[in-house]
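Peer 1: There's a structure below that I have some questions on.
2 protein chains.
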Amino acid sequence: MKYSSKLIADAVAEFQKLPGIGEKTALRLVLHLLKQDKQKVTHFGDVVSSMRSDIKFCSTCNNISDHEICDICSNPMRDHSLVCIVESIREVIAIENTNIYRGTYHVLGGVISPIDGVGPDQLNISALLNRVQKGDVKEVIMALSPTIEGDTTIFYLSKKLKEYNIQITSIARGVSFGGELEYTDELTLGRSIATRLPYENVLVKNN
Amino acid sequence: MKYSSKLIADAVAEFQKLPGIGEKTALRLVLHLLKQDKQKVTHFGDVVSSMRSDIKFCSTCNNISDHEICDICSNPMRDHSLVCIVESIREVIAIENTNIYRGTYHVLGGVISPIDGVGPDQLNISALLNRVQKGDVKEVIMALSPTIEGDTTIFYLSKKLKEYNIQITSIARGVSFGGELEYTDELTLGRSIATRLPYENVLVKNN
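If you're matching them up, the sequences are chains A and B in order. Here my numbering is used: the first sequence runs in plain steps of one and ends on residue 199. Here my numbering is used: the second sequence runs in plain steps of one and ends on residue 199.
Structure (structure tokens):
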């Protein structure tokens, strides 16, 4: 598309770099900002820039943080003997929003995926082993995606963690709660049957 | 949603202010930017801020511009006797992208809409009359939306422009080119019949 202003063309090009935003949407966003006060748009730009520049990654768990240690790792009310291993901060946000989990996290920064050139060395694994080595961790929960890459990572980590005296668990896999069995995909349904367990273990216990 | 970082929460809140962007999409955009180089994100913020701060509105036609006079108004190759009246810069961009029109524009900045409290005084009409008064304009093309507000604006402008010796035209309304008649909405189809014209006038002429 042609714009009569280079400033507009540049701004559209910048928005277009964001995921899921094409040229028409980018233009809509730019024209929206154009209608706002100068101050507000400057504030938008500043907030986005400083978000990236000032953000820190927690030296313990690699979660995003405004400080050296994130709010979860520095919270004495959390159970520091419980470490939930996740791929990225997305999963931290998702699990935090369940309001169920009171332990801590460890953000790997990805999963082992030879196809994408991601090996164990690219992941934040040595920091995890250091945490476990200190002896405070009693249980490690694998909260990785139920994919080949996720399972490879679980397998690799469990081998590394076996030498320590800790429990290694995984989040439950099976049919979704509240979902209709007939609409569940065949793979999930088939695996749910193959990995069946005593019914008492499936029902949610009151804490 | 809860975020373990205020920087992230602020950035998500800023993106959420944009049209059509909810919290989940905003978070996706923020997490994408978080993975980019600091430099790139700072550049993004700067481009967006300066777009709003540095943009000018053409003193002739009110189109967005990087200079005092926009590229279209300052282009000697354009036909300055032809002025296309549009609601906003969106329509300028849309018409420019057809590559058909070689005249100039006049951006009203809206249409008359009593319900939204927009009267003729809020629109960029006096500047249009000034342009016409100078005597260079031979034809004014109304390219406004075929809505009640658009028609009210056309009616108002045509009354104001009648005293000058210029032609007042409107873009054609009717069934879309390439569209199937049976899928055209009743209003458009009905009006196309009511405003039928000699078939020679409908066919596109070679310039």
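We treat Cβ as the ideally placed atom computed from N, Cα and C, and that holds for glycine. Given the structure is predicted, the values throughout are model-derived calculations rather than measurements.
Hey, quick one: how far does the beta strand (DSSP E) through T161(B) stretch, first residue to last?
Peer 2: Residues 159 to 162.
Peer 1: Would you call the CB atoms of V99(B) and C62(B) closer than 7 Å?
Peer 2: In this structure, C62(B) does not lie closer than 7 Å to V99(B) by Cβ.
Peer 1: Using DSSP's beta-bridge definition, name the partner residues of K(-6)(B).
Peer 2: For K(-6)(B), which the question treats as bridged, DSSP gives no partner whatsoever.
Peer 1: Using the C-alpha atoms, what's the distance from V124(B) back to N67(B)?
Peer 2: Cα to Cα, the separation comes out at about 18 Å.
Peer 1: Taking only beta-carbon positions, decide if R278(B) is within less than 7 Å of chain A.
Peer 2: Absent from the structure is residue 278(B), since the part of chain B shown begins at -7 and ends at 199.
Peer 1: Hey, is G37(B)'s beta-carbon within less than 7 Å of any beta-carbon in chain A?
Peer 2: At least one chain A Cβ lies under 7 Å of G37(B).
Peer 1: Evaluate S(-4)(A) with the Cβ neighbour count: other Cβ atoms within 10 Å of its Cβ, from every protein chain shown; 16 or more gives buried, anything less gives exposed.
Peer 2: Buried is the call here.
Peer 1: Short of 7 Å in beta carbon distance, which residues of its chain neighbour H72(B), apart from the five on each side in sequence? Order them along the chain.
Peer 2: T96, D128, listed in sequence order.
Peer 1: Among residues of its own chain, excluding the 5 on either side of Q114(A), which ones have a beta-carbon nearer than 7 Å to its beta-carbon?
Peer 2: Closer than 7 Å at the Cβ level, and outside the excluded window around Q114(A), lie G102.
Peer 1: Answer yes or no: does any C-beta atom of chain B fall closer than 7 Å to that of E88(A)?
Peer 2: Chain B contact via Cβ: present.
Peer 1: Please list the terminal residues of the continuous beta strand (DSSP E) segment that includes I200(B).
Peer 2: Look at the range of chain B in this structure, -7 to 199, and you will see that residue 200(B) is not part of it.
Peer 1: Tell me the DSSP secondary structure of S137(B) in three-state form.
Peer 2: Three-state result, S137(B): coil.
Peer 1: Anything in chain B within Cβ reach of Y93(A), meaning under 8 Å, just list it in chain order.
Peer 2: Chain B residues near Y93(A): none, gap ~12 Å exceeds 8 Å.
Peer 1: Using the beta-carbon count (16 or more within 10 Å), is I185(B) buried or exposed?
Peer 2: So I185(B) counts as exposed.
Peer 1: Report, in whole angstroms, the separation of the C-beta atoms of L25(B) and R82(A), which I expect to be a contact under 8 Å.
Peer 2: Contact flag wrong, Cβ pair sits at about 14 Å.
Peer 1: Report the neighbours of N55(A) on chain E: residues whose CB is nearer than 7 Å to its CB, in chain order.
Peer 2: Absent here is chain E; the protein component of the structure consists of chains A and B.
Peer 1: Count the other CB atoms, across all protein chains shown, that sit within 10 Å of the CB of V194(A); report buried if there are 16 or more and exposed otherwise.
Peer 2: The residue is exposed, with fewer than 16 neighbouring Cβ atoms inside 10 Å.
Peer 1: If you measure from the beta carbon of S254(B) to each beta carbon in chain A, is any gap under 7 Å?
Peer 2: With chain B covering only -7 through 199, there is no way to say anything about residue 254(B).
Peer 1: In the structure shown, what three-state DSSP assignment does K126(B) receive?
Peer 2: Of the three classes helix, strand and coil, the one that applies to K126(B) here is coil, per DSSP.
Peer 1: Does any residue of chain A have a CB that is nearer than 7 Å to the CB of D108(B)?
Peer 2: With 7 Å as the cut-off, D108(B) does not count as an interface residue toward chain A.
Peer 1: Helix, strand or coil for G95(A), going by three-state DSSP, please let me know.
Peer 2: In this structure, G95(A) counts as strand in the three-state DSSP scheme.
Peer 1: Note down, in chain order, all residues in the segment -3 to 10 of chain B with a beta-carbon under 7 Å from any beta-carbon belonging to chain A.
Peer 2: The segment -3 to 10 of chain B vs chain A, Cβ under 7 Å: S(-3), K(-2), L(-1), I0, D2, A3, E6, L10.
Peer 1: If you draw a straight line from the alpha carbon of E88(A) to that of I64(A), how long is it in whole angstroms?
Peer 2: Looking at the two C-alpha atoms, the distance is approximately 10 Å.
Peer 1: Could you round the C-beta distance between S105(B) and E141(B) to whole angstroms and report it? I think they count as a contact, below 8 Å.
Peer 2: That pair is a contact at about 4 Å.
Peer 1: Determine, using beta-carbon pairs with one atom in the segment 27 to 47 of chain A and one in the segment 42 to 59 of chain B, whether at least three such pairs fall under 8 Å.
Peer 2: These segments touch.
Peer 1: Please name the residue, chosen from M134(B), I13(B), S162(B), K48(B), that lies closest to K30(A) on a Cα-to-Cα basis.
Peer 2: Of the candidates M134(B), I13(B), S162(B), K48(B), the one whose C-alpha sits nearest the C-alpha of K30(A) is K48(B).
Peer 1: Check whether the Cβ atoms of V40(B) and V132(B) sit closer than 7 Å, and answer yes or no.
Peer 2: Cβ atoms of V40(B) and V132(B): not closer than 7 Å.
Peer 1: Out of curiosity, what's the CA-to-CA distance linking I32(A) and G111(B)?
Peer 2: It should be pointed out that residue 32(A) corresponds to Lys in this sequence rather than to Ile. If you take the alpha carbons of K32(A) and G111(B), they lie about 27 Å apart.
Peer 1: So H24(A) contacts chain B; which residues on that side make the cut at Cβ distance below 7 Å?
Peer 2: Under the 7 Å cutoff, chain B gives L10, P11.
Peer 1: Checking contacts by CB at 7 Å: is D63(B) closer than that to chain A?
Peer 2: Yes - at least one Cβ of chain A is within 7 Å of the one on D63(B).
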